[in-house]
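Structure, as structure tokens:
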Amino acid sequence: MLAAVLAGSAVAAAASPADTIAARQANFKKMGAAMKALKDELGGGADKAKLLAAARTLASTARLQGGLFPAGTGPSSGVKTDALPAIWAQKPAFDAAAAKLVTEADKLAGIAGSGNTAAVLAQFKAVGGTCAACHKQFRAED
Amino acid sequence: MSSKDETVKVWDPFVRVFHWSLITLFGIAWWSGEDHDMERHRQAGYAIFALVVFRLFWGFAGSRTARFAQFLKGPGEILAYLKTHDGETPSDGHNPLGGWSVAGLLAVILFVTLAGLFAVDVDGIESGPLADWVSFDTGRMASEWHETVFKAALAVIGLHVLAIGYYQVLNAQDLIGPMITGKRDRVKGEAAEDVKWSPVMALAGIAGVGALTWAVMQGFRFLG
């Protein structure tokens, strides 16, 4: 976990804005795919191993993201990004939203393999709520 | 019936109900999509899917003016129509240009609907009923197409409305009334017959489309 945080910070510190943006976008896609995998399982087979694997991917990827928004990686960098300037204008709120995602994703990873589908579904929705809330405030509409 | 009647029935009830429900549902789908009310958006999408598939079926099994074979004309007939039409003489159903406009409208709306069935939103939370069968990346691509072709659909709809306006206002040819009542005034000496349709075909179409739409709503999960 600590290594992951450090890896995230190291990328942010050393990389160009384009690399940082590419890294966080790849992570978001990975999380989106994990969310879809969770949703597919919850709507179908509810395979415990698959739910757990997806939830772990989600939780481990989520904790990299907070460090991948250093100053200078917004739209003003000239790189195509849906990240809104509000991220840096309201950094404490953004950091809190990123931390909330990690908290909720950890909770999900904690119960994903339990076999309690109703609880997993409820926590999946809680995680989804953090995605939506943060995107509404800090991400440009498609 | 006979050519002595004052009016002639040009659109069967299925064509008319299809037309006005599609407009309503397209509006609901548009609004709910903008509003991120995805549950309603999906419901509207299922209804649009059912309507369009029924209309395709009706294009082979429906009344005279509903059939593709009657209104999809080759370039020769389109050119002849453009040269000779006075804007006031009504066609029997879609005119040679309008027919292709209908085909274009059906194609873009069907494409938008099919893409929507596989679409996945950016969070991987909301998705169409068939998204289980594709990867996240494919679902995202479907979502992009869903949106891009929706814009194309708006353009084709705009063209359709302008064309109606051209006949309605500049040529005093009422196209909207007949799409509501099914009837238009008979031109003197015109021999066109009232459109007829088969209740058996209609029932078969409704049953088939209903079953297919139900299966789509279940995401065909009963197969796997």
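For the record, the sequence lines run as chains A and B. Okay, so the first sequence: first residue is 275 according to our numbering, each after it adds one. Okay, so the second sequence: first residue is 957 according to our numbering, each after it adds one. Note that beta-carbon positions come from the ideal geometry of N, C-alpha and C, so glycine has one too.
DSSP places R1142 (chain B) in the coil class of the three-state scheme, outside both helix and strand. Among the residues facing chain B, D321 (chain A) is not included, as its CB has no counterpart in that chain under 8 Å away. At a cut-off of 8 Å between beta carbons, G340 (chain A) makes no contact with chain B. In this structure, D356 (chain A) lies away from R298 (chain A), with their beta-carbon atoms at least 8 Å apart.
Distance between L1061 (chain B) and L1110 (chain B), taken at the CA atoms: about 9 Å. C-alpha of P359 (chain A) to C-alpha of A345 (chain A): approximately 10 Å in a straight line.
DSSP places V964 (chain B) in the uninterrupted beta strand (DSSP E) bounded by 963-965. In this structure, A:K322 is the residue among A:K303, A:K322, A:K304, A:G352 with its C-alpha nearest to the C-alpha of A383 (chain A). The secondary-structure analysis by DSSP pairs S1083 (chain B) across a beta bridge with B:V1076.
Here the alpha carbon of A1017 (chain B) sits roughly 14 Å from the alpha carbon of P969 (chain B). Ranked by Cα distance from S1057 (chain B), the options B:D1077, B:I1113, B:A1163 are led by B:I1113. Residues of chain A with a Cβ closer than 7 Å to the Cβ of S1057 (chain B) do not exist; the shortest Cβ-Cβ separation is about 29 Å. For R1023 (chain B), the secondary structure class from DSSP, reduced to helix, strand or coil, is coil. F1013 (chain B) has its alpha-carbon roughly 42 Å from the corresponding atom of H409 (chain A).
No Cβ of chain A is located within less than 8 Å of the beta carbon of R1140 (chain B). Selection B:S1019, B:I1065, B:V971 evaluated against E1149 (chain B) yields B:S1019 as nearest (Cα-Cα). A1075 (chain B) and H1102 (chain B) do touch by the CB rule: their CB atoms are close to 5 Å apart, below 8 Å.
With respect to V1008 (chain B), V1151 (chain B) sits apart: the two C-beta atoms are not nearer than 8 Å. Distance check between D380 (chain A) and each of A:T404, A:A367, A:A392, A:Q364 places A:T404 closest, using alpha-carbon atoms only.
By the beta-carbon neighbour count (other beta carbons within 10 angstroms, threshold 16), T347 (chain A) is buried. Closer than 8 Å to the CB of V1105 (chain B) there is not a single CB belonging to chain A.
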